[in-house]
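Which chain is which? The protein sequence lines are B, W, G, H and C, in order. At position 9 of the first sequence the residue is numbered 9 (UniProt numbering), and the sequence of numbers has no breaks. At position 7 of the second sequence the residue is numbered 7 (UniProt numbering), and the sequence of numbers has no breaks. At position 7 of the third sequence the residue is numbered 7 (UniProt numbering), and the sequence of numbers has no breaks. At position 72 of the fourth sequence the residue is numbered 72 (UniProt numbering), and the sequence of numbers has no breaks. At position 62 of the fifth sequence the residue is numbered 62 (UniProt numbering), and the sequence of numbers has no breaks.
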Amino acid sequence: MILAKVVGHVVATQKYDELRGSNLLLIVKLDDDLQPMKDQTWVAVDSVGAGMRDIVLAEEYLALNKERYKAMSVVAIVENVFRDA
Amino acid sequence: MILAKVVGHVVATQKYDELRGSNLLLIVKLDDDLQPMKDQTWVAVDSVGAGMRDIVLAEEYLALNKERYKAMSVVAIVENVFRDA
Amino acid sequence: MILAKVVGHVVATQKYDELRGSNLLLIVKLDDDLQPMKDQTWVAVDSVGAGMRDIVLAEEYLALNKERYKAMSVVAIVENVFRDA
Amino acid sequence: MILAKVVGHVVATQKYDELRGSNLLLIVKLDDDLQPMKDQTWVAVDSVGAGMRDIVLAEEYLALNKERYKAMSVVAIVENVFRDA
Amino acid sequence: MILAKVVGHVVATQKYDELRGSNLLLIVKLDDDLQPMKDQTWVAVDSVGAGMRDIVLAEEYLALNKERYKAMSVVAIVENVFRDA
């Protein structure tokens, strides 16, 4: 998983059935100082109710069980990052 | 998923059975200003009827259920990108 | 999938059973001008009878159905690339 | 798998069910001299009881059997690295 | 698959059950002149009895059938690389 920040969203009417009803969040990967990185933006399906400017954990391949695969997803809202190194 | 732009297509007669009947679109990843990036081109199977110069969402691994895996695919046509950060 | 060019092959007698009987092609990723890129070389299993100097589509993860996974594979021989952007 | 160092952890209350009860470690990829690399940080689920400053093996996709997929995981604590080349 | 060279190994007592009994090889990706690349090192499970300084094929995701997934693996020992381009 990567640490990312929610910076926007995407509107797409014509889309794959799997994506219907999903919030499509624009997220940017964070660097070691938790600042957004240039040209490291993805669109992720929201699974946890994340909002603008939230720091989140995003996972590229979310396959919870053998029946179901999901596109890149926000899987957690981060409250604190402890780093010492 | 990544934000990409449709910039062309590829013709390939001799191909894997799985790809028969698929449109093979040439897509380029977009940077933070939604401009095409250099040497960030992929060939993607069209799943939503995307056309030239459309901005799209592309997903590298599309496995809707356990029976079926698809190569890199265009999964949505993007109408608007809202970004504030 | 990526656009690549076949530039050679690899001989490996001692190999995983899954790879027995497969042609192991050396392929190089192409840039936006369809020129080979430096240090962007992979070894791919040939699935379509590609030959030296062919431009091909290569797919990193080829899993046609749930029974079978294949290593990076050449999945199509490209005749024409149309690009306008 | 990559060689990485545990440099911290992440607190996230609101998260995907799959992640409940997991330790979310902050790990940094190591370079050829076993030094942490800049902006090569991931969040990984701990599977082996790793602690701060441990050198570990991390695996991006951990799918032990067909029933279960796990997010990026720490899969081993490294005691020694022997390198000669 | 990538061309890589075996440059060492890793000792890890505390590890995921799946990795027990496996040789953990340190492999480095090779450039177009078959020279080791800087900071392109992985740890791979040996599947073919590779030794120090062998040139090998490594595959990041080895899933031979639906029951079993393996971490990054050395899948072949390379005897010759023919390249002409």
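For every residue, glycine included, the Cβ atom is placed at its ideal position computed from N, Cα and C.
Starting from residue i, find everything on chain G with Cβ-Cβ shorter than 8 Å and list it in chain order.
i: Ser47 of chain C; result: Tyr16
What is the rounded straight-line gap between the Cα of residue i and the Cα of residue j?
i: Val28 of chain B; j: Gln40 of chain B; result: 6 Å
i: Asp46 of chain C; j: Glu59 of chain G; result: 24 Å
i: Val74 of chain H; j: Glu18 of chain G; result: 28 Å
i: Lys38 of chain C; j: Gly8 of chain C; result: 15 Å
i: Asn80 of chain H; j: Leu24 of chain C; result: 11 Å
i: Ala4 of chain B; j: Leu57 of chain B; result: 6 Å
i: Leu26 of chain G; j: Arg83 of chain C; result: 7 Å
i: Ala50 of chain W; j: Ile77 of chain W; result: 6 Å
i: Met72 of chain W; j: Ala71 of chain C; result: 22 Å
i: Gln14 of chain B; j: Ser22 of chain B; result: 13 Å
i: Leu34 of chain G; j: Leu34 of chain W; result: 23 Å
i: Asp31 of chain B; j: Leu30 of chain H; result: 16 Å
i: Ala12 of chain W; j: Ala12 of chain H; result: 47 Å
i: Arg20 of chain W; j: Met52 of chain C; result: 44 Å
i: Pro36 of chain W; j: Tyr16 of chain G; result: 40 Å
Please report the Cβ distance between residue i and residue j, rounded to the nearest whole angstrom; I am assuming they are in contact, meaning their Cβ atoms lie under 8 Å.
i: Met1 of chain B; j: Val43 of chain H; result: 4 Å
i: Asp54 of chain B; j: Val6 of chain B; result: 5 Å
Are any of the Cβ atoms in chain G nearer than 8 Å to that of residue i?
i: Val78 of chain W; result: no
i: Arg83 of chain C; result: yes
Please list, in chain order, the chain B residues whose beta carbon lies closer than 7 Å to that of residue i.
i: Met52 of chain W; result: What Met52 of chain W touches in chain B: nothing, since even the nearest Cβ is about 15 Å away.
i: Ala12 of chain H; result: Leu57, Ala76, Ile77, Val78 and Glu79
i: Asp39 of chain W; result: Those do not exist, as Asp39 of chain W stays about 13 Å from chain B at its closest Cβ, beyond 7 Å.
Using a Cβ-Cβ cut-off of 8 Å, state whether residue i counts as contacting chain H.
i: Leu57 of chain B; result: yes
Which chain C residues sit within Cβ distance under 9 Å of residue i?
i: Leu3 of chain H; result: Val10, Leu26, Thr41, Trp42 and Val43
List, in chain order, every chain C residue whose beta-carbon is nearer than 7 Å to that of residue i.
i: Leu19 of chain G; result: Val75 and Ala76
Tell me, please, whether the CB atom of residue i is closer than 8 Å to any CB atom in chain B?
i: Leu64 of chain H; result: Interpretation of Leu64 of chain H is limited by its pLDDT of 46, a score under 50 that renders its predicted location unreliable; the figure taken from the coordinates is listed afterwards. So no, Leu64 of chain H is outside the interface.
Verify the CB distance criterion: does residue i have a CB-CB separation below 8 Å to chain D?
i: Pro36 of chain B; result: Among the protein chains of the structure shown, namely B, W, G, H and C, there is no chain D.
*Where are the beta strand (DSSP E) runs, 3 residues long or more, that stay fully inside the segment 25 to 58 of chain C, in chain order?*
36 to 46
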